[in-house]
Amino acid sequence: MIDLSTNYMGLKLKNPIVASSSYLWEDSKNIKKAEKSGAAAVVLHSLFEEQLEIEQEELNKFLLQGTESYAEAITYFPEIKEFKFAPDEYVELIKEVKSNSEIPIIGSLNGVSDGGWIKYAKKIEDAGADALELNIYFIPTDISLNSEKIEENYSNLVKSVKQKIKIPLAVKLSPYFTSTPHFLKSIEKAGADAFVIFNRFYQPDIDTQNLEIKPNLVLSTSEELRLRLRWAAIMYGKVNPDIAITGGVHTGNDVIKTIMAGAKVSMMTSALIKNEIEHITKVLSEINEWLLMNDYKSIKSIHGLMSQEKVLEPSAYERANYMKTLGSYK
Amino acid sequence: MKREMVTIDGNEAAAYVAYHVNEVISIYPITPSSTMGELSDQWASEREPNIWGTVPHVTEMQSEGGAAGAVHGSLQRGALTTTFTASQGLLLMIPNMYKIAGELTSTVFHVSARSLATHALSIFCDHGDVMSVRSTGFALLASNSVQEVMDLALIAHAATLKSRVPFLHFFDGFRTSAETSKVERLSIDDLKKMIDEDLVRAHRARALSPDNPIIRGTSHNPDTYFQAREKINPYYNACPDLVQEVMDKFAKIVGRKYKLFQYEGAPDAERIIIIMGSGAETVEETVNYLNKRGEKVGVLKVRLFRPFSLKHFISEIPSSVKSIAVLDRTKEPGALGEPLYLDVTSAIASAFSNGMLKIDKMPKIIGGIYGLSSKEFKPSMVKAIFDELKKSEPKNRFTVGINDDITHKSLEYDPKFFVEPENRTRAVFFGLGADGTVSANKSSIKIIGEETDNYAQGFFFYDSKKAGSLTISHLRFGPEPIRSPYLIDRANFVACHQCSFLNKYDMLSVAEKDSIFLLNSPYPKDEVWNQLPKNVQQQIIDKNIKFYTIDAYDIAKDIGLGVRINTIMQTCFFALSNVIPKEEAIKSIKKFTEKTYGRKGEKILKMNYEAIDKAIDNLYEVKVPEKATSSFDLKLSMPEEAPDYVKNVISKMIVFKGDELPVSAFPDDGTYPTGTTKWEKRNISLDVPVWDPEICIQCGKCAFVCPHAVIRAKVYPKDALKNAPASFKYVEARFSQFKDYLYTIQASPEDCTGCKLCYETCPSKNKQDPMLKAINMEFKDPILDREKENWNFFESLPYVEREKLNFSTVKDIQLLEPLFEFSGACSGCGQTPYVKLMTQLFGDRAIIANATGCSSIYGGNLPTTPYTKNKDGRGPTWSNSLFEDTAEFGLGMRLALDKQKEYAIELVDKLKDDLGKDLVFELKNTNQDNEAGIQKQREMVKLLKAKLKSIQKPEAKDLLSLADSLVKKSVWMLGGDGWAYDIGYGGLDHVLALGKNVNILVLDTEVYSNTGGQMSKATPLGAVAKFAMGGKSTSKKDLAMMAMSYGNVYVAKVAFGANNAQTVKAFLEAEAYEGTSIIIAYSHCINQGYDLIHGPDQQKAAVQSGYWPLLRYNPNLEKEGKNPLQLDSGKPSLPIDNYVYNETRFKVLLHSNPEIAKKFLEDLKKDIQKKWSFYKYWSEMPVSKEGEK
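Protein chains in written order, with the UniProt record's numbering: chain A, 1 to 330; chain B, 1 to 1189.
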């Protein structure tokens, strides 16, 4: 019997597959499906900072639009006393899911500013979430903003959220930092219990015919995994927080790679959107099979096996590897 | 026991009592009573219990007639039942009122009294509606103030149970109904004590029950009806005493004493006024003022008008009285006097003759009319009436408040006469509709009313335009109760929240000496003085006004509040007015801000807190110079070329000086010239569309979509450019039939409302700068003069001959002259593009019957109206009958046209020898199916008329008066879904069944838009509307399918935003169809809750999601062996979520009851799928010729 169990930010997981944050989990039935299919934990869809504010602003604007302007129609909508916004629904979802799930449920907050919205971290904890994932998704467009300031903002945000909660905190980041190791260390100091690498920015596309920018959601492929494998492998052993890999995990083999590189857990979204949630079962059996075939007794036994500190040729993860790759291409 | 003091309006006061002492409430919206129904629906959906601990059932009906029927039925089954209505609504209840009263059934109808539609509709107050039901047998009980509304509502409910006589409890609509006032709220315990449980059970015991069967509502014969009718007399005889008993019981429980007739004033008064309604408060206020100054006057306030108790009435008349003026707020043309006057005269005469009235000499009694349609009734007018009573021969049947220069019945009065106490704050605020001014003032009243011992009163005036409108708030605060139900004309605080209004309205005319003037202005404090018109500067100097300024828009924008400047301006008011110490006031504003915005989320609350703090920091006093320096003044004049009527009459209404117009200024019968909006240059938009000819593809979509016909297209020969301004833009026309012509798109900058639909719809992007299109919005101020000149030149260019255009293309259609322009509809309105299109296609021969609603308001509300004429003087002719009868009204027009045409042809035949056979042949046989044929027939008729003038036969004169009926006319019935789906459906259905050649255009906004968004049967499943607070739980009625079931009706469902070519096709086919046609037009609307710039996109989404399938059902196709049903849109391809959740009407349910919202969405999906499958199946059914399958 292969032991797939692992430990992520202190959460005991029955295997390393975590369903990563996506719209799929807005529906509690899908969460149940993920659990039945073998997911060890689920990171709920994100509560967006902008969503919290825009939702309130828009509702307020359109309930008041055109009011008190014309004698016969002083208002256009009935006076509703209580509103439920996304956080309220989110909290209710956590409560509902926690009441009938046995796997850990991880809440997710997505934002950039150190504003009032972070109080929802506490609400998520109070609703029963086992951990919180903070997805910091910041695109700098201001020419006067230097990298130091950006990194400082990230640290401050992590600190602020950490202060609000007792449950473990994972921080999901982008790969675009000048010195990722140094930056991750500072986030560790700020209180992160895990790093989730990396978030996939939805890259806008251009509609050349209509001269418009089009939002574009492209599902990940296993190809994208390499970037994550490199950084997991480099960081393994250099930082204390656990590492989770997300973006490009599609198969059992992908999962094996992530764990070997140094991740504690392997997160999946695109594969589940593409192949249905039940795909988790297939991936788990592929992992089992691989470990069995290769004589490993547990998933823990391959943890960090191929990390930079353990491989014979550490430079494989550095620039030399780049040179070699280019050479081989020729 | 101390009761809670609340600041509420009359509607809420009535609804509070009615809701809590009833079990069933049957409602229907009509201004100004709708609020009572809305509150009842709201409380029921919040599960607020009545005094028996159960939640009343609140049901919206299809009309007031329906509501009254449901009330009658519910009463027959023994439930305590009530309803609310006004005006025409009350008239529709009359048949049931006779029944309910004849059956001695206890109920109370609460009525916010409103004018009846006569020569014109009016939503404002008089007692015309109430007086129309005085013979029904209902008791009529009048409340004069908001406090009285609450008290007498309860007294009415208690008295009806006791007397078995049904009650109509009324108060003045758009005065008491809308006046916010500080009152003592009756407790639930008070309500319980006043409602006798034994009487409730007795009411229930009289109910129909198969367990104890009875029969009620039989038919009588001549032998019995009369006697049986007289059997009710003892109940009416007993009623007044019973009401007084109830009033006395109320006094014991609550403390406030009421009498059936209540006299106030000098016990030895020689002159008295008898009056009912809010005007009685004004009279009482004036009486108190005059008596303190040595006069001996009094007022008799009539509360129970029916049954009229002679005993109680006479007991209140002072024996010293020598002359009496009876004031009626209604007009009964042709009567000896108005109703109250006649009753009083009869009562006094009767009591004098039988000795009941202990008085030496019969007093003089005169009757007068005041306050029709909320005409102001002020102490100065009361004084004039008392002065008139001093005269040896006072005017009888006088009027007051107007200048009657025709029959000279009006009394003159001194407008400067003023009775209000010195220790009262009187503040007037001029705001822009929807800027939050009114809600800020309502909040200020609550703060002062509920946080201090002061009394407070607020009244709000709105103009009749739906975009860029003016609001005027009148607020009074003071240590004594406020009895001044009239507008403030002497204010010690004046605020102008919209700087541009300074150039239009003389605001400071209401400012008194040493008052404060607060201006929201974009100009710095050192520059603002120079931006004021000279008249304003002079008044500030002369009246020693302290002048303050703030740039509230800048602050609001900065904070993220958009144009909502309410919190900022409210803070300034408190900071300057000293009604409450500043610090305390700010604390209170913050407290109320939390109450108001807290539930809407932290972000909103934070923004408003910030607004309060920033207001204080940015409020500046302006140093007032000694001399007025401006070279410009208020712009009140009309252009020289405007018609005299516009210059002399309409111009006054535009600047709110209509009160100054004498009787002679008006038409005798409500007939007005069309095409007057063009003279009212409203200049309400900051940005206006500007055309880029280089980018334009000449598709005409911008002109098609413009709700106000502001942006237009023309083609014209090159030589027409001779006198063009240098900045006038043009390009080679790309129309095959107009070779060597030029093309221009031009907007009228002063008429634009700034909706940006033209920009949004323009498909043509500038390839060098994707932000720009062929139409771009530009800041108006710097280009105004240039664009005005361009517009004027554009207007001078001729429209092309209609015969040259291809009516099947949108591009060509947009070269037709719109005969509906610059209406007062909302900015971005989704209805008016259809109306405009109709006038472009058929306007020069259209007769319109318009249902009451949005389309009748933007179509026919004074001061200016949008239907207009072409260069030949032809254009749509328009009339509004009622809300409920538009199909019948329009049908009547068709019947008349058909008969007139038939008779005209008969006359042509009779005169054939005089007319000549060729002309007779042409007149009878010209094919008028196309523009050329119509034009030819017009020429023939012109010829006919010329010939007829020389024929000396009676038939010739007759034919001359009917000759125009030989040219094809197009009858259109216009209305919203409230009319077509609900109140007017019976008539509409009948007209569909008759098959006459009429065209019905249903402007479907899916709610009662004009009255503020109440649910109709067109409201979609899952949408939140008033009367459907928890979301509509049933499907939208499929009117198209119902109409198609007749088989011989042309039916179309259109949505111009999704497919404007299909819309045009449907209009053309509908009009060409020789039978009844109905077009159901998707009309995006402010009630749907999104930025209307996305209206066309939402139309597209509605079609793509299958929610609004586009279709045309043309019975003519069946004759050709084709399926008459053509689906013009494809299979649903867009998830319904992507349509509905763009709109607040759906989204708000997600935020209030997400579970239900999700369920409704699933139900809606199924409904759409089911309907689509059915339509698809129908459209593919094989059909053979003659309809054989």
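Where is the CB? At the ideal position from N, CA and C, for every residue including glycine. The model shown is predicted, which means the values in this text are computed figures rather than measured ones.
Cβ of residue i within 8 Å of any chain A Cβ
{"i": "Lys603 (chain B)", "result": "yes"}
{"i": "Met1029 (chain B)", "result": "yes"}
{"i": "Ser439 (chain B)", "result": "yes"}
{"i": "Cys826 (chain B)", "result": "yes"}
{"i": "Asn492 (chain B)", "result": "no"}
{"i": "Thr1019 (chain B)", "result": "no"}
{"i": "Ile589 (chain B)", "result": "no"}
{"i": "Met638 (chain B)", "result": "no"}
{"i": "Thr809 (chain B)", "result": "no"}
{"i": "Ile123 (chain B)", "result": "yes"}
DSSP state of residue i mapped onto helix, strand, coil
{"i": "Ile17 (chain A)", "result": "strand"}
{"i": "Lys391 (chain B)", "result": "coil"}
{"i": "Ile299 (chain A)", "result": "coil"}
{"i": "Glu26 (chain A)", "result": "helix"}
{"i": "Leu116 (chain B)", "result": "coil"}
{"i": "Phe1146 (chain B)", "result": "helix"}
{"i": "Lys172 (chain A)", "result": "strand"}
{"i": "Trp972 (chain B)", "result": "strand"}
{"i": "Ala1070 (chain B)", "result": "helix"}
{"i": "Met940 (chain B)", "result": "helix"}
{"i": "Glu64 (chain B)", "result": "helix"}
{"i": "Phe656 (chain B)", "result": "coil"}
{"i": "Lys358 (chain B)", "result": "coil"}
{"i": "Arg228 (chain A)", "result": "helix"}
{"i": "Ile775 (chain B)", "result": "strand"}
{"i": "Val97 (chain A)", "result": "helix"}
{"i": "Gly601 (chain B)", "result": "coil"}
{"i": "Ser410 (chain B)", "result": "strand"}
Those residues which DSSP pairs with residue i across a bridge
{"i": "Ser26 (chain B)", "result": "B:Thr59, B:Thr83"}
{"i": "Cys496 (chain B)", "result": "B:Phe430, B:Leu519"}
{"i": "His169 (chain B)", "result": "B:His110, B:Leu141"}
Cutoff 8 Å: residue i Cβ touching any chain B Cβ
{"i": "Ile94 (chain A)", "result": "no"}
{"i": "Tyr329 (chain A)", "result": "Confidence at Tyr329 (chain A) is low in this model, with a pLDDT of 42, below 50, so the placement of that residue is unreliable and no value is reported for it."}
{"i": "Gly111 (chain A)", "result": "no"}
Inset, instruction - Just list the alpha helix (DSSP H) runs in the region 864 to 903 of chain B, keeping only unbroken ones of 4 residues or longer that don't cross its boundaries, in chain order. - result: none
Inset, instruction - Evaluate contact between the region 1054 to 1067 of chain B and the region 1097 to 1105 of chain B, counting only Cβ atoms and requiring at least three cross-stretch pairs below 8 Å. - result: yes
Inset, instruction - Specify whether the region 963 to 978 of chain B and the region 844 to 856 of chain B touch according to this definition: at least 3 beta carbon pairs, one from each stretch, less than 8 Å apart. - result: yes
Inset, instruction - Indicate whether the contact test is met: 3 or more Cβ pairs, each with one atom in the region 157 to 169 of chain B and one in the region 229 to 243 of chain B, closer than 8 Å. - result: yes
Inset, instruction - Check whether the region 356 to 373 of chain B touches the region 248 to 266 of chain B, taking contact to mean three or more Cβ pairs, one atom from each stretch, closer than 8 Å. - result: no
Inset, instruction - Could you name each continuous beta strand (DSSP E) segment of 3 residues or more that falls completely within the region 138 to 188 of chain A, going from the start of the chain to the end? - result: 169 to 173
Inset, instruction - Please confirm if the region 31 to 46 of chain B is in contact with the region 112 to 131 of chain B, defined as three or more CB-CB distances below 8 Å between the two stretches. - result: yes
Legend entry - Those runs of the alpha helix (DSSP H) which lie wholly inside the region 982 to 1045 of chain B and span at least 4 residues: 985 to 994, 1039 to 1044
Inset, instruction - May I ask you to verify whether the region 979 to 990 of chain B touches the region 1081 to 1092 of chain B, counting CB pairs closer than 8 Å and requiring at least 3? - result: no
Inset, instruction - Tell me the start and end of each unbroken alpha helix (DSSP H) in the region 722 to 768 of chain B that is at least 4 residues and wholly inside, in chain order. - result: 757 to 761
Inset, instruction - For the region 258 to 330 of chain B, list the beta strand (DSSP E) runs that are entirely contained and at least 3 residues long, ordered along the chain. - result: 261 to 265, 271 to 275, 297 to 302, 304 to 306, 323 to 328
Inset, instruction - May I ask you to verify whether the region 712 to 728 of chain B touches the region 785 to 794 of chain B, counting CB pairs closer than 8 Å and requiring at least 3? - result: yes
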